[in-house]
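Enquirer: Below is one structure. I have some questions about it.
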Amino acid sequence: MVSTRILVGSVLYWLAWLEAVNSQSIAAFYTDQATQIGAQDANTGNIIYSFCNSVGTPVFPVDDPNVLSTKRNPRNGTALTMAGWFDTHKITVCTEIYRDGGLVDELMYQASIFYQSDNGDIVNGYYECDPSSGKLIRKGEYAISEIAALASVHKFTGLRVELLGNTLGYRLFYHDEKKVVRTLSYTPDTNWVDAGVVSPDPVVGMGLGSHHRGKGNVTVTFPQGSDNLMVAQNWNDGLYHLESLPQPLNGTFTNDTQASEIDTDTSTPEFTLSSWDAESVSIATSVDSARARHIFYIGTDKKLYELREEGVEWNLAANESEKAWPTADTSSAPLAVSYQQSQGETWIYYLVNGSIIEAHRDGSGYWDDAKTLPTQSANATDGGVSAGDDDSKSNDEKADASVTHGLTAGAKAGIGVGAGVGALLVAGLIWFLFRRRGKSAPIDGNPLKKGADVEPERGLEDNKFRVSEMAAESQPLSPGYAPPPQYKPQTMDNHIQPVELASPTMIYEMPGNGGSAGVKM
Numbered sequence: 045m046v047s048t049r050i051l052v053g054s055v056l057y058w059l060a061w062l063e064a065v066n067s068q069s070i071a072a073f074y075t076d077q078a079t080q081i082g083a084q085d086a087n088t089g090n091i092i093y094s095f096c097n098s099v100g101t102p103v104f105p106v107d108d109p110n111v112l113s114t115k116r117n118p119r120n121g122t123a124l125t126m127a128g129w130f131d132t133h134k135i136t137v138c139t140e141i142y143r144d145g146g147l148v149d150e151l152m153y154q155a156s157i158f159y160q161s162d163n164g165d166i167v168n169g170y171y172e173c174d175p176s177s178g179k180l181i182r183k184g185e186y187a188i189s190e191i192a193a194l195a196s197v198h199k200f201t202g203l204r205v206e207l208l209g210n211t212l213g214y215r216l217f218y219h220d221e222k223k224v225v226r227t228l229s230y231t232p233d234t235n236w237v238d239a240g241v242v243s244p245d246p247v248v249g250m251g252l253g254s255h256h257r258g259k260g261n262v263t264v265t266f267p268q269g270s271d272n273l274m275v276a277q278n279w280n281d282g283l284y285h286l287e288s289l290p291q292p293l294n295g296t297f298t299n300d301t302q303a304s305e306i307d308t309d310t311s312t313p314e315f316t317l318s319s320w321d322a323e324s325v326s327i328a329t330s331v332d333s334a335r336a337r338h339i340f341y342i343g344t345d346k347k348l349y350e351l352r353e354e355g356v357e358w359n360l361a362a363n364e365s366e367k368a369w370p371t372a373d374t375s376s377a378p379l380a381v382s383y384q385q386s387q388g389e390t391w392i393y394y395l396v397n398g399s400i401i402e403a404h405r406d407g408s409g410y411w412d413d414a415k416t417l418p419t420q421s422a423n424a425t426d427g428g429v430s431a432g433d434d435d436s437k438s439n440d441e442k443a444d445a446s447v448t449h450g451l452t453a454g455a456k457a458g459i460g461v462g463a464g465v466g467a468l469l470v471a472g473l474i475w476f477l478f479r480r481r482g483k484s485a486p487i488d489g490n491p492l493k494k495g496a497d498v499e500p501e502r503g504l505e506d507n508k509f510r511v512s513e514m515a516a517e518s519q520p521l522s523p524g525y526a527p528p529p530q531y532k533p534q535t536m537d538n539h540i541q542p543v544e545l546a547s548p549t550m551i552y553e554m555p556g557n558g559g560s561a562g563v564k565m
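Going by our numbering, the letters in the sequence shown line up with residues 45 to 565, in that order.
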C-alpha cells in the first residue's frame with residue numbers, strides 16, 4: 045500500500061513538473077512590420093522563430109524551422125521572452141561603432157532574446173536580422189545572471205522582459221529559488237544588476253506577464269495564492285504598488301512591505317478566475333489606447349480568458365466565439381500577446397491543432413476570426429545564411445555545427461508544450477519508478493553554479509553589443525551624450541518605442557503631450 049502511494053505521488057509530481065516546465069515557452073513582440081514570434085520545440089530543445097523579414101502576418105516555419113543559434117543550451121521547458129524593434133520596412137537602430145579611432149553611424153537589425161540555460165543561468169542573446177533570408181544572426185550572448193551575481197534563480201523560473209529605452213534600459217522579471225518575483229535591471233551606466241523584489245510574497249506558479257507604457261511605468265502580473273492574481277505597478281517612483289484580484293488586498297502595500305504583512309480580503313469576490321490553475325497558468329498582458337490594462341490566460345478547460353481593467357475595477361470579459369478564440373491544444377497552455385497601444389490592436393498566439401494561431405482584436409474592439417500562421421515566406425531567400433552567428437566564429441564553430449535544422453511535421457505539437465511526448469514520458473516514468481521506488485528530485489529551486497562550472501564571459505570590449513540592444517525611448521539621446529568609456533557602448537537616436545509581448549509603439553507621455561509617467565493608469 046505504501047509503495048503504491050509513493051508511486052502514485054511520484055507520477056503526479058512528474059505530471060506537475062511537465063506542466064511547470066512548459067508554462068512559458070512562447071514569446072512575441074510587436075513591430076511596425078510584423079509581430080515576431082519565438083517558441084521552444086520540446087522535442088529537440090531548440091528555440092525556433094518566425095522569419096524576421098515577415099510583413100503583416102508573421103511566418104513561422106515548422107517543417108524546416110528557423111533554429112536560433114545559441115552557445116548555451118536552453119533547458120527543456122525554458123521560459124522565453126524577447127524584445128526588438130522595426131522602423132517601417134526593417135528592424136533598425138542608429139548605432140555608433142568605434143572604427144579607426146572615430147565613430148560612424150550604421151543601421152543595425154536587432155533582436156534581444158532571453159532564456160534559461162540547462163545549467164540554470166539566465167541568458168541574453170543579441171541578434172541581427174538578415175533581411176534576405178529572414179534568419180537571425182547571433183552577435184553576442186551573455187549569462188546575465190552571472191554578470192549580476194544573483195544569489196539564486198529558480199530552476200523553473202518564469203521570464204518577462206521590458207525594453208524601456210536607451211537610458212532606462214531593460215527590466216527582466218524572474219523568480220529566485222524561494223519563488224519570489226524579482227527584477228534584473230540593465231542600463232548603459234550599470235550593466236546588469238539585481239534590482240530587488242517586485243513583491244515579497246512567494247508565488248505558487250511561475251506564470252509572469254508584463255507590459256509598460258511611457259518612461260518606466262511598468263506592470264507585472266503573476267499568481268497570488270491559488271485563487272488570485274497579483275498586479276504590481278511601478279509608477280516610475282522606485283516602488284512596485286501591489287493590488288490583487290479578484291479578491292482585493294486589505295490595505296496599501298508595495299514591494300517594500302514585509303511578506304507577512306500583506307493581507308488579502310477573503311470575502312466573496314464579485315467574480316472568480318474561471319478554470320484557473322495557479323501552478324501551471326501562463327499569463328500575458330497588454331494595454332489599450334485608453335490606457336486600460338488587459339490580462340489573458342488559457343484555463344484548465346483549454347479556453348482563452350480575458351480580464352479587463354474598467355476604471356478602478358477589474359472584471360472578467362465576455363467570452364468570444366470559438367472562431368475568434370479557438371480551443372487550445374492543452375490545459376493552461378502557453379500564450380504570447382503583442383499589441384499596438386495607440387491604435388488599440390491586440391494579437392494573441394497559442395497552439396491549436398499543433399500549429400500556432402493568431403487571434404486579433406482591431407482598434408474598435410472587434411475580434412476577427414483566428415487564423416493559423418503561415419509556414420512559408422515569400423520574402424525569404426537562402427542567401428547563404430543558416431541558423432547563423434558571427435560572434436567569435438572561431439570559438440563557436442563547433443557548437444553551431446551541432447544545431448539541428450530539420451523538424452518533422454509531427455513536431456508541430458511539440459512547440460512550447462511537449463504535449464506529444466507526455467504519454468510516453470508517463471509510461472516510462474511508471475516503469476522507472478517501480479525500479480526506483482519514488483526516488484525523485486525535489487522541485488524547489490537551486491542556487492546558480494559558480495566558479496569553474498560557469499563559462500567565462502567575453503571581455504568588456506565585446507559589451508558594446510549590450511547597449512546596442514537599447515532602442516530609443518520617448519526622448520532621443522542628446523548629440524553630446526557620452527556613455528561610460530569602459531563599456532564603449534553604442535547609442536541610439538530612434539523614435540520608435542520597442543516592445544516585448546505587450547508594450548506600446550506610440551507613447552503618450554512625451555514632453556508637451558500632457559502625459560505623466562508617474563500617473564497610475
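Every residue gets a Cβ at the ideal spot worked out from N, C-alpha and C, and that includes glycine.
Output needed for D245: all residues of its chain with C-beta closer than 8 angstroms, excluding positions within five of it in sequence on either side, in chain order.
Expert: So the list reads V224, Q268, M274, A303 and I306, once near-sequence residues are dropped.
Enquirer: To the nearest angstrom, report how far apart P290 and P313 are at their CA atoms.
Expert: Those two C-alpha atoms are separated by around 6 angstroms.
Enquirer: Near N294, what residues of its chain come up, given a Cβ to Cβ distance below 6 angstroms and the 5 sequence neighbours on each side ignored?
Expert: For N294, same chain residues with a beta-carbon under 6 angstroms away, outside a window of 5 residues either side, are D307 and D309 in chain order.
Enquirer: Under the rule that 16 or more other beta-carbon atoms within 10 Å means buried, what is F217, buried or exposed?
Expert: buried
Enquirer: Sort K179, K115, S156 and F73 by Cα distance to Y214 and report the nearest one.
Expert: S156
Enquirer: Would you list the residues sitting across from G260 in a DSSP beta bridge?
Expert: Note: G260 is not bridge-paired with any residue in the DSSP secondary-structure output.
Enquirer: Is the region 349–359 in contact with the region 371–382, if contact means three or more CB pairs nearer than 8 angstroms?
Expert: no
Enquirer: What is the DSSP secondary structure of E305, counted as helix, strand or coil?
Expert: helix
Enquirer: How close, in whole Å, do the beta carbons of T567 and R204 come, if the pair is a contact with beta carbons under 8 angstroms?
Expert: The structure shown has nothing for residue 567, since the chain only spans 45 to 565.
Enquirer: Rank G100, N87, N90 and G121 by C-alpha distance to the C-alpha of Q80 and give the top, closest one.
Expert: G100
Enquirer: Helix, strand or coil: which one does DSSP assign to S98?
Expert: coil
Enquirer: I need the boundaries of the alpha helix (DSSP H) containing S376, first residue and last residue.
Expert: Careful: S376 lies outside any alpha helix (DSSP H) and carries neither H nor E.
Enquirer: With distances taken between CB atoms, is the gap from N261 to N235 smaller than 8 angstroms?
Expert: no
Enquirer: Contact check, V237 vs R226 under 8 angstroms by CB: the rounded distance?
Expert: Contact between V237 and R226 fails: their C-beta atoms lie close to 12 angstroms from each other, not under 8 angstroms.
Enquirer: Can you tell me where the alpha helix (DSSP H) with S189 in it begins and where it stops?
Expert: I188 to I191
Enquirer: Taking V197 as part of the beta strand (DSSP E), name the residues at either end of that continuous run.
Expert: Here V197 belongs to no beta strand (DSSP E), and DSSP marks it neither H nor E.
Enquirer: Alpha carbon to alpha carbon, how far is G89 from T75? Give it in angstroms, no decimals.
Expert: 26 angstroms
Enquirer: Looking only at its chain, what residues have a beta carbon closer than 6 angstroms to the beta carbon of P186, apart from the 5 residues adjacent to it on each side?
Expert: The displayed chain sequence assigns Tyr, not Pro, to residue 186. Contacts found: N168.
Enquirer: First and last residue of the beta strand (DSSP E) that includes G407?
Expert: G407 -> no beta strand (DSSP E), and no H or E assigned at all.
Enquirer: Pick helix, strand or coil for E366, following the three-state DSSP scheme.
Expert: coil
Enquirer: Could you pull the start and end residues of the beta strand (DSSP E) that T312 belongs to?
Expert: Neither: T312 is in no beta strand (DSSP E) and is coded neither H nor E.
Enquirer: Please return the same chain residues whose Cβ sits closer than 6 angstroms to the Cβ of I188, not counting the five positions on each side in sequence.
Expert: I166, N168 and W236
Enquirer: DSSP three-state label for P246, please.
Expert: coil
Enquirer: Where does E323 fall in DSSP's three states?
Expert: coil
Enquirer: Which first and last residues belong to the beta strand (DSSP E) in which A72 is found?
Expert: I70 to F73
Enquirer: Which residue from N97, Q384 and S365 puts its Cα closest to that of S330?
Expert: Q384
Enquirer: Could you check which residue in Y410, G409, A403 and Q160 has the C-alpha nearest to that of P102?
Expert: A403
Enquirer: Is G249 buried or exposed, if buried means 16 or more other CB atoms sit within 10 Å of its CB?
Expert: Classified as buried, G249 has 16 or more neighbouring CB atoms from the shown chains inside 10 Å of its CB.
Enquirer: Cα-Cα, which of A336, V247 and N299 is closest to H256?
Expert: A336
Enquirer: Give the single residue among A195, D85 and S254 whose Cα lies nearest to the Cα of E221.
Expert: For the residues A195, D85 and S254, the minimum Cα distance to E221 belongs to A195.
Enquirer: Quick check: what's the CA-CA separation for D412 versus G282?
Expert: 39 angstroms
Enquirer: Tell me the rounded alpha-carbon separation between G121 and D108.
Expert: 21 angstroms
Enquirer: With T390 as the anchor, note down where its beta strand (DSSP E) starts and where it stops.
Expert: Element bounds for T390: E389 to V396.
Enquirer: For G240, which beta-bridge partners are listed by DSSP?
Expert: Answer by DSSP bridge pairing: none, since G240 is not bridged.
Enquirer: Classify S270 as buried or exposed, calling it buried when 16 or more other Cβ atoms lie within 10 Å of its own Cβ.
Expert: exposed
Enquirer: When the distance is taken between beta carbons, is L180 closer than 8 angstroms to Y93?
Expert: yes
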